[in-house]
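Working notes for the structure below.
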Amino acid sequence: MTEKEKIVEIVEETPAETKTPQAFVNEEISEDATDEQLELPALEEMRTVFSKMYRKFRIVSYISTAFVIAVIIVSYVWLLPINQWAGIVPIILVLVASLVYSRYARNKLTDNVRKYMADYNGYVNEFALNESKVNNFVFDFAGQLDKVAFTDARLLKDIINSNSRNLVTYDLGRWHVQLADYAAYRRDGKQARAVFLGKLVTGTTEKEIEGRLVLYIKPSEQKYDGGTGPDDLADLELVVDKPEYKLYATNKELKKAISAKALEALLQVRPDSELADVSVALYKNKFAVTLTYSDALMVVPYKEKVPVHAIKKYKEHLTALNNFIALL
3 MTEKEKIVEI VEETPAETKT PQAFVNEEIS EDATDEQLEL PALEEMRTVF SKMYRKFRIV
63 SYISTAFVIA VIIVSYVWLL PINQWAGIVP IILVLVASLV YSRYARNKLT DNVRKYMADY
123 NGYVNEFALN ESKVNNFVFD FAGQLDKVAF TDARLLKDII NSNSRNLVTY DLGRWHVQLA
183 DYAAYRRDGK QARAVFLGKL VTGTTEKEIE GRLVLYIKPS EQKYDGGTGP DDLADLELVV
243 DKPEYKLYAT NKELKKAISA KALEALLQVR PDSELADVSV ALYKNKFAVT LTYSDALMVV
303 PYKEKVPVHA IKKYKEHLTA LNNFIALL
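Going by the working numbering, the first residue of the sequence shown is number 3, and it counts up by one from there.
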C-alpha cells in the first residue's frame, strides 16, 4: 500500500489540522553501511547514532517492564499471603516508579527523535541547495505551509486538510520562495485520503499576472507510481500537449509567462523511480510547484540506510527547479 492509500479518519465535518506525518515506520535496526552511504557520511553517522540510542531505549524499556512484572509476581505470590500491606506496598511503589520513568524516557526519546529529524533534514536541505544561488536561507523543521498555500494554486480540487513540516525559505531572483514537506487530503466518504505527498514549493513576487497557468510534467515510463496530476482545470484550455508535458492556461497568450529558457530549465526535472510527476501553477503574483516523491525521500530513515540515490536526485531536481524560478 502506498502512502497515498493510507486512510485517516475524519472526526469533524471540517477536520482539524493534521499532525506531522509519522517519521518512522520500521522496527528493526541494521548497522551495515554500503559504499553508496559513505557518499554522505554525515547523514549515515546521524542515523547510526540515533539507531544506537533507540536500540538502547528499547532494551532498557524491556528490562524495566520485566522488573515490574517480577516485583508484582513476587509480591502477589509470596508477600501478600504473609501480610497484605507487605504485598501491596511494593506493587504500588513499583507501578508509580514505572509510570514516572516511562514518562521521562518517552519525553527524552521524543526530544531525540525531533533533534535527529531536524538535523537530518537540515543537512539534506543544505546539500540539495548548495548548487543553487539562493539568498537569506532559513530552515525551520517545525515550520509549516498552511492549506491555503496549496488550495490557492488550484492544482487539486476539494482539498479539506493538509500536513506540513521541514520548512525552508530563501530568496531567488525576484521571488521569495518557501519549500516544505507536504501532504494534502481529500474527503473520501467519512474519511480523508491523501492525494498528494511530496515537496511543495511556493513563491511570491510583486508583479501580478492576469489569469492562471498550469504546467504538468508527465510521468516517465520507469516512474514512482504515486502522482495524480492536476484536476482543477475546468476554467483553463489545453494550450500545449507534448510527450513531456501539458500546458493549460486561461488563454493562449498567457503561455508567454514562461519563457523558452525557463521551460527548458524546468524540463530538466524529469520524473523517475522516486519522483512521480511535477505540477506548476502561476497565478496572481505567486507560483506553486508540487513534486510527488516516494517514501525514500519523504521518510527519515533509522532502519534503512540513508537513501543517497534519492537525495542526490532530489538535489538535481531542486537545482533545475531553482534555475527555472530564477528565469520566471
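Where a beta carbon is used, it is the ideal one built from N, C-alpha and C, also for glycine.
To the nearest angstrom, how far is the alpha carbon of Arg105 from that of Ser63?
12 Å
Residues bridged to Trp80 (per DSSP):
For Trp80, which the question treats as bridged, DSSP gives no partner whatsoever.
Is the beta carbon of Ser66 closer than 8 Å to that of Ser100?
yes
Option nearest Val280 by Cα separation, candidates Ile313, Lys220, Lys258, Tyr172:
Lys220
Spatial neighbours of Val126 within its chain, please: C-beta separation below 7 Å, excluding the five flanking residues on both sides.
Ile313
By a C-beta neighbour count over all protein chains shown, 10 Å radius and 16 as the cutoff for buried, is Trp80 buried or exposed?
exposed
Please determine, among Thr50, Ala44, Ser296, the residue with the shortest C-alpha to C-alpha distance to Lys305.
Thr50
Selected residue, minimal CA-CA separation from Leu158, among Val291, Arg108, Leu111
Val291
Provide the residue span of the beta strand (DSSP E) that contains Tyr172, from first to last.
161-174
Once DSSP output is grouped into helix, strand and coil, what is the label at Asp297?
helix
For Ala151: DSSP bridge partner residues:
Ala151 is not bridged to any residue.
Please report how far the alpha carbon of Leu97 lies from the alpha carbon of Gln86, in whole angstroms.
17 Å
Can you find at least 3 beta carbon pairs, one from the region 267-280 and one from the region 166-175, that sit closer than 8 Å?
no
On a Cα-Cα basis, can you pick out the residue from Ala259, Gly231, Glu239, Pro303 that is closest to Asn253?
Glu239
Exposed or buried, which one is Asn109 when buried takes at least 16 other CB atoms within 10 Å?
exposed
Going along the chain, which residues of its own chain have a beta-carbon closer than 6 Å to the beta-carbon of Glu212, five neighbours each way excluded?
none
Should the region 159-166 be regarded as contacting the region 182-196, the criterion being three or more beta carbon pairs within less than 8 Å?
yes
Spatial neighbours of Val203 within its chain, please: C-beta separation below 6 Å, excluding the five flanking residues on both sides.
Leu181, Val291
Identify whether Arg195 lies in helix, strand or coil by the three-state DSSP scheme.
strand
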